[in-house]
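Have a look at the structure below before the remarks.
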């Protein structure tokens, strides 16, 4: 999704989780195993601080990036934050087979996801300039919704069509 927005805006795309993996040479579950969630969050905060200093980028963050106030402040003060909001059921359908999500590797991953959502959703809403309900549209449909919101707000000129 973020990569498609970046392509349409002719900007560089970064994913904070992928950047953490590239910088450490380790997958996220390994970082969680060795350093715990706090260690991972420290790395995430540093990556977000670094990447938000760059210009003309689109940055996708991991789901827990908003847990730290400094991350929310950094994102909000250095860019436009678009929250692609999905309900817990849709998130469950998207993530249930993903082994790269250490927080969901529990006996009740769906319940854990719902608990994470209850904490994170208000933080995303606090941080977001725009909230887009993802529902069931295609990636291209979501990209068009994001670009339309940015255009209507005067953040970007009318973007090129795909």
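Residue numbers (my numbering): 18 to 179. Idealized CB from N, CA, C, for every residue including glycine.
Since residue 100 sits in a beta bridge, which residues does DSSP pair it with?
Its beta-bridge partners are 148.
Between residue 50 and residue 81, what straight-line distance do the alpha-carbon atoms span, to the nearest angstrom?
17 Å
If you draw a straight line from the alpha carbon of residue 150 to that of residue 95, how long is it in whole angstroms?
23 Å
Going by DSSP in three states, residue 32 sits in which element: helix, strand or coil?
strand
Kindly identify the DSSP beta-bridge partner or partners of residue 76.
31
Please return the same chain residues whose Cβ sits closer than 6 Å to the Cβ of residue 60, not counting the five positions on each side in sequence.
Only 37 meet the Cβ criterion.
Leaving out the 5 sequence neighbours to the left and right, which residues in its chain are closer than 6 Å to residue 89 when beta-carbon positions are compared?
83, 144
Note the first and the last residue of the continuous alpha helix (DSSP H) segment covering residue 83.
Counting along the chain, no alpha helix (DSSP H) covers residue 83, and no H or E run does either.
Leaving out five residues on either side along the sequence, give the residues of the same chain with a beta carbon under 8 Å from the beta carbon of residue 33.
61, 64, 65, 68, 76, 77, 78, 79, 82
Put residue 41 into one of helix, strand or coil per three-state DSSP.
In the three-state scheme derived from DSSP, where H, G and I count as helix and E and B as strand, residue 41 is classed as helix.
Please list, in chain order, all residues of the same chain as residue 28 whose beta carbon is under 7 Å from its beta carbon, the five residues on each side excluded.
73, 74, 75
Might you give, ordered along the chain, the residues of its own chain that have their beta carbon closer than 6 Å to the beta carbon of residue 162, omitting 5 neighbours on each side?
Cβ neighbours of residue 162 beyond the five flanking positions: 149.
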